[in-house]
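These protein sequence lines map, in sequence, to chains A and B. For the first sequence, the working numbering assigns the number 705 to the last residue and increments by one with no breaks. For the second sequence, the working numbering assigns the number 888 to the last residue and increments by one with no breaks. C-beta atoms are modelled at their ideal positions from N, C-alpha and C, and glycine is treated no differently. All of these numbers come straight from a predicted model, not from anything done at the bench.
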Amino acid sequence: MAKEVKISIRNLHKAFGKKKVLNGVDLDVEAGKSLVVIGGSGTGKSVLIKCIQGLLIPDMGSIKIDDAETVGAKGNKLKDFHSKMGMLFQGGALFDSLSVWENVAFSLLENKKVAREKAKVEAIRVLRQVGLAPDVADLSPSELSGGMQKRVGLARAIITKPEIIFFDEPTTGLDPIMADVINDLIVESAKGLGATTLTITHDMASVRKIADKVAMLYKGKIIWQGTVKEMDKTDNPYVQQFINGCSQGPIKVEV
Amino acid sequence: MPPKTINRRKQFELFLRTLGKPLVKFIIRLGELTQFVLKALYHCFVPPFYLKNFVRQLLDMGFYSLPVVGLTTIFAGMVIALQSYSGFARFGAESAIASVVLISVTRELAPVLSALMVAGRIGAAMAAEIGTMRVTEQIDALVTLSTNPFKYLVAPRLWAGVIVLPILVLIGDVIGIFGGYVVGVFKLGFNPANYINSTFENMEAIDIISGLTKAAVFGFIISLMGCYNGYKSKGGAQGVGEATTNAVVSASILILIFNYILTEVFFSK
Chain A
451 MAKEVKISIR NLHKAFGKKK VLNGVDLDVE AGKSLVVIGG SGTGKSVLIK CIQGLLIPDM
511 GSIKIDDAET VGAKGNKLKD FHSKMGMLFQ GGALFDSLSV WENVAFSLLE NKKVAREKAK
571 VEAIRVLRQV GLAPDVADLS PSELSGGMQK RVGLARAIIT KPEIIFFDEP TTGLDPIMAD
631 VINDLIVESA KGLGATTLTI THDMASVRKI ADKVAMLYKG KIIWQGTVKE MDKTDNPYVQ
691 QFINGCSQGP IKVEV
Chain B
620 MPPKTINRRK QFELFLRTLG KPLVKFIIRL GELTQFVLKA LYHCFVPPFY LKNFVRQLLD
680 MGFYSLPVVG LTTIFAGMVI ALQSYSGFAR FGAESAIASV VLISVTRELA PVLSALMVAG
740 RIGAAMAAEI GTMRVTEQID ALVTLSTNPF KYLVAPRLWA GVIVLPILVL IGDVIGIFGG
800 YVVGVFKLGF NPANYINSTF ENMEAIDIIS GLTKAAVFGF IISLMGCYNG YKSKGGAQGV
860 GEATTNAVVS ASILILIFNY ILTEVFFSK
C-alpha cells in the first residue's frame, strides 16, 4: 500500500450552533484517483468540501493536501492551495457581470495577468474541450441553459490545469442524458489532467460512472468506503438503503 | 409563600432575557461590522487593485446618478427660495434669500438629499448584487479562483463611494443654487444680476468644503452598508431582499446621524 495520498482528512469536526454537521470525518483521497462522497441531503457533504477548500473553518481536526496542513492557512499560503484546486459549483456560480469567456479565463486574467486576446483564445480552446462552440464565448452566463452553465463552470475549473478538482453535485438539475454527458466530461477532463477529484453527489448513475472509490457520509461520519464493485456487494444496511433508494431502513428521513 | 417567589423570579428572568437578547444581538452585529470595516479598509490600500471594477462602480454610482441628484437638488433649491421668501417677506429681507439658498444647499441639502437618493439607488443595488453573489456561491467561487472578495468586490465600491459622492454633490450645489435663482428671478421678480452678485459675495469656502467632506463620508457609508449587508446575506431570495432593505435603511439613518456629527465638528465653536 504505497499509494500516494493527495488529501488526508483526520477527525474533522464542524458545527453550526448546536447542530453538529461533521462529527469526526476521516478520509483519504489517493493521488490521481476519483473519490465520490455519497450521502443524503443535509448530511454535510457540501460542508466537507467547503472545509477542504478553506471556505469554512472547521472547529477541530486536520486537513492535509500534499502533506501540508490547510486548516488555519491564510493569505498567500491559502492562495497556494487554491492555485492547486478547481471547483465546479452546484449552481455553476458563474459571475453574471462577466461574459462566458471572461468567466472561463478569470484566473488567467486576474491572477496570471495574461493578455486579454491570449486569454480569450485559451478560453475558447477549453470551451471546445467541454463541447461548447466558440460563439458561446461572448454570451452572458444568464443566456445559457443549465447544462451549458455546468460546462462553462467545468471549463473555468480546469483552465488552470489544477491538481485537484472538486465537483459539487455535478449532475443535479440536469436531465439524464445531459447528466451522462457531464459525467463523461468529468471523467475525460480528470483523466486528461491526471487530476485527483473529489465529488459529492447523491446521483447513483453518476457515482458508477466517475468513481474509483466511494465513501458514504452519514451523521457527520464516513460510515463506509470501498470501490464501486464493493459497494454493490456490501451488506452494510445504510449503503444498501441509499444505493437502492428505499424509504425503509436504518436511515431515518427527518421530515 | 415559596411558590409565589419562584414565580416572580421566573418573571424577572424572563424580563431580563427579553431585554438582553436584542442587546447581545446588537453587540454581535456591531462587532461583525467593525471587523468588516477594518478588513475592508485594509484591502482598500493593499494591492492588487481591480481598476476595471472601480471604473464600473464610478459609472454606476456617479454618471447614472446624475439625473436623480440633479432633480433632487434643483427642487430643493427652488423650495428653499420660495419658503424663505414667504418667511423673510414679513421682515422685509428679500435680499437675504440668495445667501439662504447658498448656505442651505451647500451645507445641508445637496449633501444630505443626494446621499439619501444615492443610498436608495446604489446602496440597494449593491446589497442585491453582492447578496445574490453570496447565495449563488459566486463569492465562494471567487475565493477558489484565488481572488479575495474584499479586494474584488468591496474595495472598488468603497473607493467609488468616497470619490463619486463629493463630485455629485458639487454638481448638485450648482444645480441647487440655480434652482433658487430660477424661483428668485422668474417668480419673485428679483434682479438677476443682484441675485448672482449676492450669491457670490456670500460664498465662503467652508460652506462648500464642509458639504463635500460630508459627501465623502456619506459615500463611504452607502458603499459600506451595501457591501456589508450583501456580504452577510443568506438564505436565498428572501435573505437578499432583507439585505437590500437593511442596506438602505441603515445607510439612511447613519447618514442623518453623521450629518449631525459632522456639522457639530465643522460649525460649533
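What does residue 675/A pair with, by DSSP beta-bridge criteria?
Looking at the DSSP assignment, residue 675/A forms a beta bridge with 665/A.
Residues of chain B with CB closer than 8 angstroms to the CB of residue 529/A, please, in chain order.
Residues of chain B passing the Cβ test: 765.
Residue 465/A: first and last residue of the uninterrupted beta strand (DSSP E) it sits in:
Residue 465/A -> beta strand (DSSP E) spans 455 to 466.
Would you say residue 762/B lies against chain A (beta-carbon separation less than 8 angstroms)?
Yes, residue 762/B counts as interfacial toward chain A.
May I ask which residues mark the beginning and end of the alpha helix (DSSP H) holding residue 809/B?
Neither: residue 809/B is in no alpha helix (DSSP H) and is coded neither H nor E.
Start and end residues, beta strand (DSSP E) containing residue 598/A
From DSSP, residue 598/A is part of no beta strand (DSSP E) but of the alpha helix (DSSP H) over 596 to 608.
Quick check on the DSSP output: what are the complete alpha helix (DSSP H) runs of length 4 or more inside the segment 552 to 598 of chain A, in order along the chain?
Complete alpha helix (DSSP H) runs here, min 4: 556 to 560 and 566 to 579.
Should residue 883/B be flagged as near chain A, meaning a C-beta pair shorter than 8 angstroms?
Residue 883/B does not count as touching chain A.
Residue from 460/A, 590/A and 494/A with nearest C-alpha to residue 670/A
Answer by Cα proximity: 494/A.
Ends of the alpha helix (DSSP H) at residue 634/A?
Counted as a single uninterrupted DSSP element, the alpha helix (DSSP H) harbouring residue 634/A occupies residues 626 to 643.
Under 8 angstroms between C-beta atoms, does residue 624/A make it to chain B?
Interface flag for residue 624/A against chain B is unset, since no Cβ pair is found closer than 8 angstroms.
Can you grab the Cα-Cα spacing for the pair residue 466/A / residue 844/B, in whole Å?
It is roughly 26 angstroms from the alpha-carbon of residue 466/A to the alpha-carbon of residue 844/B.
Whose Cβ in chain B lies nearer than 8 angstroms to the Cβ of residue 680/A?
The contacting residues do not exist; residue 680/A stays about 32 angstroms from chain B at best.
Spatial neighbours of residue 509/A in its chain, beta-carbon cut-off 8 angstroms, leaving aside the 5 residues before and after:
Answer for residue 509/A: 463, 464 and 465, listed in chain order.
Among 534/A, 641/A and 545/A, nearest to residue 756/B - alpha-carbon criterion:
Put simply, of 534/A, 641/A and 545/A the residue whose alpha carbon is nearest the alpha carbon of residue 756/B is 545/A.
Would you please verify whether the beta carbon of residue 569/A is less than 8 angstroms from any beta carbon of chain B?
Closer than 8 angstroms: no.
Thinking just about the alpha-carbon of each residue, which of 652/A, 688/A, 583/A and 520/A is nearest to the one in residue 491/A?
Closest by C-alpha distance to residue 491/A, out of 652/A, 688/A, 583/A and 520/A, is 652/A.
Would you kindly report the start and end of the unbroken alpha helix (DSSP H) that includes residue 777/B?
Element bounds for residue 777/B: 774 to 801.
Looking at residue 859/B: is its Cβ nearer than 8 angstroms to the Cβ of residue 750/B?
Between residue 859/B and residue 750/B, the CB-CB gap stays under 8 angstroms.
Can you tell me where the beta strand (DSSP E) holding residue 537/A begins and where it ends?
Per DSSP, residue 537/A is one residue of the beta strand (DSSP E) stretching across 535 to 538.
Check the Cβ of residue 543/A against every Cβ in chain B and list those closer than 8 angstroms, keeping chain order.
Residues of chain B whose Cβ lies closer than 8 angstroms to the Cβ of residue 543/A are, in chain order, 755, 756, 757, 759 and 760.
Near-chain B residues of the segment 666 to 698 of chain A (beta-carbon distance less than 7 angstroms), N- to C-terminal order
Within the segment 666 to 698 of chain A, not one residue has a Cβ closer than 7 angstroms to any Cβ of chain B.
From the DSSP output, which residues share a beta bridge with residue 513/A?
Bridge partners of residue 513/A: 459/A.
According to DSSP, what are the bridge partners of residue 650/A?
Residue pairing from DSSP places residue 650/A in a beta bridge opposite 487/A and 618/A.
By how many angstroms is the C-alpha of residue 779/B removed from the C-alpha of residue 460/A?
Those two C-alpha atoms are separated by around 45 angstroms.
Considering only the beta carbon of each residue, do residue 691/B and residue 733/B sit closer than 8 angstroms?
Contact: yes.
Could you tell me if residue 726/B is buried or exposed, where buried requires 16 or more neighbouring beta carbons within 10 angstroms of its beta carbon?
The residue is buried, with at least 16 neighbouring Cβ atoms inside 10 Å.
Could you tell me the alpha carbon to alpha carbon distance between residue 885/B and residue 829/B, rounded to whole angstroms?
Rounded to whole angstroms, residue 885/B to residue 829/B spans 7 angstroms at the Cα level.
Does the distance from the C-beta atom of residue 663/A to that of residue 646/A stay below 8 angstroms?
Their beta carbons are not under 8 angstroms apart, which means residue 663/A does not touch residue 646/A by this criterion.
Have a look at 457/A, 489/A and 692/A and flag the residue whose alpha-carbon is nearest the alpha-carbon of residue 517/A.
Closest option to residue 517/A, Cα to Cα, is 457/A.
So what does residue 720/A bridge to, in DSSP terms?
This structure cannot speak to residue 720/A, because chain A is shown only from 451 to 705.
Name the residues in the segment 493 to 507 of chain A whose C-beta lies less than 8 angstroms from a C-beta of chain B; which are they?
Per Cβ criterion, the list reads 500, 503, 504 and 505.
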